[in-house]
Amino acid sequence: MAISIDVSRKPSELQASLINAEKLHLQGKLQEAWALYQTILRQDPVHYGAIHGMGLIAAQMKSYSMAIDLFNNAIAVDSSNPRAYSNLGNALASEGKRTLALKNFDIAIKLDPSFIDAIKNRGLVRAELKQYKSALTDFARVLELAPGYWRAHIYTANVLISMGKLDKALHAYDLGLAANPNSATLCNNLGAILCSMGRFKLALPRLERAIKINPQYAEAFNNRAVALIGLNRKADALKSYDHALELKPGYQDALTGKAKLQANLSH
-17 MAISIDVSRK PSELQASLIN AEKLHLQGKL QEAWALYQTI LRQDPVHYGA
33 IHGMGLIAAQ MKSYSMAIDL FNNAIAVDSS NPRAYSNLGN ALASEGKRTL
83 ALKNFDIAIK LDPSFIDAIK NRGLVRAELK QYKSALTDFA RVLELAPGYW
133 RAHIYTANVL ISMGKLDKAL HAYDLGLAAN PNSATLCNNL GAILCSMGRF
183 KLALPRLERA IKINPQYAEA FNNRAVALIG LNRKADALKS YDHALELKPG
233 YQDALTGKAK LQANLSH
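Using the working numbering, count along the sequence shown one by one with no gaps and you end on 249.
The following block contains the structure:
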């Protein structure tokens, strides 16, 4: 069956439709964006932007198999665009197909050696595959390209923790905190590592900083309790566990920690 294309439609009109579809997409109006992408494809069945946009929506909806098909279709239309390979890699990784995901990230990065998102995501997949040295190389490259990308310090620290290199992980968190001093997550994670190393006195101010930034941070209250126990401030630790449980009822770490502390206090 032959496909009929309305050649009278000006490219600028299709471009305007694509812009509107992308605006709807960014606003989270996925059904409306999907419908507009489909309208574009009825006019131009091989419109890269519309196919790729539909792939992004499918991935957002966790319909990864559909997303994979759409990104492959986008690549068939334009094999020179690194974004489709990168997003295909993300969808494949979400399906657990990590080795195939890496191959697509490699293609994306070959097409654009400065493609930060692809480099970062390749590093995350490599870390999942325990290819730690390669993952660290990717995160170092991300920071070389974007020194202010503080999350790359977290990714680096997580890999170093997996490698058992806690002192280096601490340094990575310190670098991340220097780049983003108001990150409650960084403060909490840094405090948690210090607690795991028995450095409770150093951990406590980091955890209290996390709580000051985000008073609803149950995990930080839980970790603060651990630091307080390490400093033999058990009554304060009990209060901190209570705060964690007020914020997050049923929080297992806090329930377990509180029970152990109460048992210890009763002896």
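Just so you know, even glycine gets a beta-carbon here, dropped at the ideal spot from N, CA and C.
In this text, all values refer to a predicted model and were calculated from it rather than measured experimentally.
- Message: For glycine 173 and serine 222, what's the separation of their Cα atoms in angstroms?
- Response: Answer to the nearest angstrom: the Cα atoms are 15 Å apart.
- Item | leucine 247 to histidine 225 span [Cα, whole Å] | The alpha-carbon atoms of leucine 247 and histidine 225 are separated by roughly 19 Å.
- Item | Ordered list of alpha helix (DSSP H) runs contained in the stretch 124 to 156, each at least 4 residues | If we require 4 residues or more, the alpha helix (DSSP H) runs fully inside the stretch 124 to 156 come out as 133 to 144.
- Item | For aspartate 218 and serine 178, the rounded distance between their alpha carbons | Looking at the backbone, the Cα of serine 178 and that of aspartate 218 are separated by about 19 Å.
- Neighbourhood of lysine 183 by C-beta, 7 Å cutoff - its chain only, sequence neighbours within 5 removed: Only Leu213 meet the Cβ criterion.
- Query: If alanine 90 sits next to alanine 83, beta carbons under 8 Å apart, how far is it from one beta carbon to the other, in whole angstroms?
  - Reply: Actually they are not in contact, since the Cβ atoms of alanine 90 and alanine 83 sit about 11 Å apart, beyond 8 Å.
- Message: Quick check: what's the CA-CA separation for serine -14 versus asparagine 72?
- Response: For serine -14, the pLDDT reaches just 33, beneath the cut-off of 50, and the residue's location in the model is therefore unreliable, leaving the point undetermined.
- Message: Cutting at 6 Å between CB atoms, please list the residues of its own chain near leucine 74, excluding the five before and the five after it.
- Response: These residues qualify, in order along the chain: Leu82 and Ala83.
- For valine -11, I'd like the list of residues in its chain whose CB is within less than 6 Å of its CB, leaving aside the five on either flank, ordered along the chain. Residue confidence is low: valine -11 scores 42 on pLDDT, short of 50, so the model does not pin down where it sits. No coordinate-derived value is stated.
- Item | Extent of the continuous alpha helix (DSSP H) run through methionine 48 | Note, methionine 48: alpha helix (DSSP H), 46 to 59.
- Message: How far does the alpha helix (DSSP H) with histidine 225 in it extend, from its first residue to its last?
- Response: For histidine 225, the enclosing alpha helix (DSSP H) stretches over residues 216 to 229.
- Can the beta-carbon of glycine 130 be found less than 8 Å from the beta-carbon of alanine 161? The Cβ-Cβ distance between glycine 130 and alanine 161 falls below 8 Å.
- Determine the extent of the alpha helix (DSSP H) in which tyrosine 233 is found, giving its start and end residues. Counting along the chain, tyrosine 233 falls outside any alpha helix (DSSP H), and DSSP gives it neither H nor E.
- Message: Spatial neighbours of alanine 192 within its chain, please: C-beta separation below 7 Å, excluding the five flanking residues on both sides.
- Response: Ala166, Cys169, Asn170, Gly173, Tyr199 and Ala202.
- Three-state secondary structure assigned by DSSP to phenylalanine 182: The answer is helix: DSSP assigns phenylalanine 182 an H, G or I state.
- Mark alanine 134 as exposed unless 16 or more other C-beta atoms lie within 10 angstroms of its C-beta, in which case mark it buried. Alanine 134 is buried by the Cβ-count criterion.
- Item | Cβ neighbour criterion (16 or more within 10 Å) applied to tryptophan 69 | In the sequence as presented, tryptophan is not what sits at residue 69; that position holds asparagine. It counts as buried.
- Message: Nearest by alpha-carbon distance to glycine 180: which of Arg24, Ala58, Met48 and Val208 is it?
- Response: Comparing Cα-Cα distances from glycine 180 to each of Arg24, Ala58, Met48 and Val208, the minimum goes to Val208.
- What do you reckon, are the CB atoms on leucine 227 and leucine 243 nearer than 8 Å? No, these two residues do not count as a Cβ contact at 8 Å.
- Message: How far does the alpha helix (DSSP H) with glycine 212 in it extend, from its first residue to its last?
- Response: Here the alpha helix (DSSP H) through glycine 212 covers 200 to 212.
- Item | Residue nearest to arginine 123 in terms of C-alpha spacing, selected from Glu110, Lys112, Val59 and Tyr137 | The candidate whose alpha carbon is nearest that of arginine 123 is Tyr137.
- Message: So, at 7 Å on beta carbons, what are the nonlocal neighbours of leucine 0 in its own chain, with the 5 sequence-adjacent residues on each side left out?
- Response: Same-chain partners within the cutoff: Ile22, Gly31 and Ala32.
- Query: What span of residues does the alpha helix (DSSP H) with glycine 10 cover, start to end?
  - Reply: No alpha helix (DSSP H) contains glycine 10, which DSSP labels as neither H nor E.
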